[in-house]
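S.K.: Count along the sequence shown from 1, add 5, and you get the number used in my numbering.
Backbone N, C-alpha and C define an ideal beta-carbon position, used for all residues, glycine too.
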Amino acid sequence: MKLIFVHGRSQGGKDADVLKQTWVDAFDEGLKNAGLSRPPGLEIALPFYGDALDALVKELDAPLVEDVVEKGAAGDDAEVVFREEFLQELADGNGITQEQIKEFYDEDVREKGVLNWKWVHAILKALDRHKELSDFALDSFTRDVYVYLTNAGVRRRIDAMVAKELTDEPCVVVGHSLGSIVAYNVLHNHEHRVPGYITVGSPLAIKAVKTRLRTIQIPKSTLSWSNARDAQDVVALFPLDADNFATDRPISNYNDVDNDTDDQHGIVGYLPDKWVARSIHEALTG
């Protein structure tokens with residue numbers, strides 16, 4: 006049996022082996038918390054695409070909202086539509102009102118086109134104030150998710166780097182954050198048996214994301230899907246349930262992770278959770 010960890014964004018420049026060990030250590034902590042141990046002979050892989058993603062985003066010259074608003078960088082209409090949909094849903098889901106957003110918006114009337122970037126910028130600032138998030142980190146996150154979802158060349162490159170670790174042997178896949186979207190796409194093209202897919206901190210149920218997926222269903226090769234989130238994780242806004250991510254088979258959801266990382270989104274706050282570790286272990290041994 007093989008366990009494949011699929012990381013999210015913001016990993017460029019890191020040592021792939023060190024990153025893998027961070028995941029393994031956090032998983033081992035979760036197993037210990039659950040009173041379990043790693044199955045004997047388990048092979049663990051973490052396909053590293055962090056540097057490739059950063060290089061592709063740089064090559065495309067995809068701007069941050071800050072770049073467009075304050076530095077006059079070019080930003081296309083499709084991107085601002087995605088950014089507004091994504092961030093407005095985060096704001097609504099976290100109880101941030103239009104009036105709170107307007108505190109950071111210095112125009113009298115909202116208009117279509119480039120001024121929408123100013124509204125998106127205001128949403129970022131409101132999220133930063135009211136959720137104690139880094140608006141730069143969230144800005145970068147939405148940019149990278151947009152590039153991956155809408156640029157077929159980027160998607161093919163990243164997917165191929167992950168797909169090469171999936172072979173004809175049974176594999177259990179764990180996807181975190183953007184990695185949950187990448188793994189979702191890869192699994193839809195994988196023909197061999199996947200006993201379990203486990204997602205943590207996943208933005209798949211956000212409308213701006215799911216409307217840009219080719220399909221909403223559990224991959225045919227995947228026997229079970231478990232999803233865990235900290236309810237205060239701003240990126241994992243909704244559970245992957247029938248109301249938010251309706252699939253042909255139910256996804257097992259757990260909404261009570263207590264992620265102790267600063268933004269309540271980090272992988273080292275998810276893998277030590279007993280429910281998460283137990284779900285991975287059951288997929289590996291069941």
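Can the beta-carbon of Trp28 be found closer than 7 angstroms to that of Phe10?
M.R.: yes
S.K.: Skipping 5 residues on each side, what residues in its chain have a beta carbon closer than 7 angstroms to that of Leu183?
M.R.: Here the set comprises Gly13, Arg14, Asp149, Val150 and Tyr153.
S.K.: Do Leu92 and Val125 have their C-beta atoms closer together than 7 angstroms?
M.R.: Leu92 is a Cβ neighbour of Val125, given a cutoff of 7 angstroms.
S.K.: I'd like to check one pair, Asn38 with Lys212: are the Cβ atoms closer than 7 angstroms?
M.R.: Judged by beta-carbon spacing, Asn38 lies beyond the 7 angstroms limit of Lys212, meaning their Cβ atoms are not closer than that value.
S.K.: Need the endpoints of the beta strand (DSSP E) that Ser231 sits in, please.
M.R.: Boundaries of the beta strand (DSSP E) around Ser231: Trp230 to Ala233.
S.K.: Express the C-alpha separation of Lys19 and Thr216 in angstroms, rounding to a whole number.
M.R.: 32 angstroms
S.K.: If we count the other Cβ atoms within 10 Å of its Cβ and call it buried at 16 or more, is Gly118 buried or exposed?
M.R.: For Gly118, the predicted structure reports a pLDDT of 49, less than 50, and the residue's modelled location is therefore unreliable. The matter cannot be settled from this model.
S.K.: Which same chain residues, not among the five before or five after Val191, have their C-beta less than 6 angstroms away from its C-beta?
M.R.: Asp164, Val167 and Ala168
S.K.: Terminal residues of the continuous alpha helix (DSSP H) containing Tyr259?
M.R.: Element bounds for Tyr259: not the alpha helix (DSSP H) but the beta strand (DSSP E), Ser257 to Tyr259.
S.K.: Would you list the residues sitting across from Ile9 in a DSSP beta bridge?
M.R.: Ala50 and Val178
S.K.: Check whether the Cβ atoms of Val74 and Asn121 lie closer than 7 angstroms to each other.
M.R.: no
S.K.: Identify the continuous alpha helix (DSSP H) that holds Ile1 and give its terminal residues.
M.R.: Only positions 6 to 291 of the chain appear in this structure, which leaves residue 1 out of reach.
S.K.: Please classify Arg198 as buried or exposed, where buried requires at least 16 other C-beta atoms within 10 Å of its C-beta.
M.R.: exposed
S.K.: For Asn258, I'd like the list of residues in its chain whose CB is within less than 7 angstroms of its CB, leaving aside the five on either flank, ordered along the chain.
M.R.: Asn232, Pro244, Leu245 and Asp246
S.K.: Any heavy atom of the ligand ATP within a distance shorter than 6 angstroms of the CB on Ser145?
M.R.: Judged by which ligands are present, the structure shown has none, so any question about the ligand ATP falls away.
S.K.: Can you tell me which of the three DSSP states Ile106 falls into?
M.R.: It is helical.
S.K.: Would Gly201 pass as a contact of Tyr275 if the rule is Cβ separation under 7 angstroms?
M.R.: no
S.K.: Apart from the five residues just before and just after Glu170, which ones in its own chain have a Cβ nearer than 7 angstroms to its Cβ?
M.R.: Ile9, Ala50 and Pro52
S.K.: In whole angstroms, what separates the C-alpha of Met6 from that of Asp267?
M.R.: 33 angstroms
S.K.: Specify, as a first and last residue, the run of the beta strand (DSSP E) that Ile203 falls within.
M.R.: Gly201 to Val205
S.K.: When the Cα of Pro208 is compared with those of Ser226, Pro224, Leu289 and Phe250, which residue comes out closest?
M.R.: Phe250
S.K.: Can you tell me whether Leu47 is buried or exposed? The criterion is at least 16 other CB atoms within 10 Å of its CB, across all chains shown.
M.R.: With fewer than 16 neighbouring CB atoms inside 10 Å of its own CB, Leu47 falls in the exposed class.
S.K.: Span of the alpha helix (DSSP H) holding Ile186?
M.R.: Leu183 to His193
S.K.: Using CA coordinates, which residue listed in Lys25, Asp235 and His195 is at the minimum distance from Ile223?
M.R.: His195
S.K.: Give the straight-line distance between the Cα atoms of Val159 and Asp66, rounded to the nearest whole angstrom.
M.R.: 13 angstroms
S.K.: Have a look at Glu104, Phe146 and Pro255 and flag the residue whose alpha-carbon is nearest the alpha-carbon of Ala241.
M.R.: That would be Phe146, whose Cα lies nearest to the Cα of Ala241.
S.K.: Check Thr290 in the structure and name its three-state DSSP category.
M.R.: helix
S.K.: Determine the extent of the alpha helix (DSSP H) in which Asn38 is found, giving its start and end residues.
M.R.: Ala21 to Asn38
S.K.: Using the three-state DSSP reduction, which class does Thr147 fall into: helix, strand or coil?
M.R.: helix
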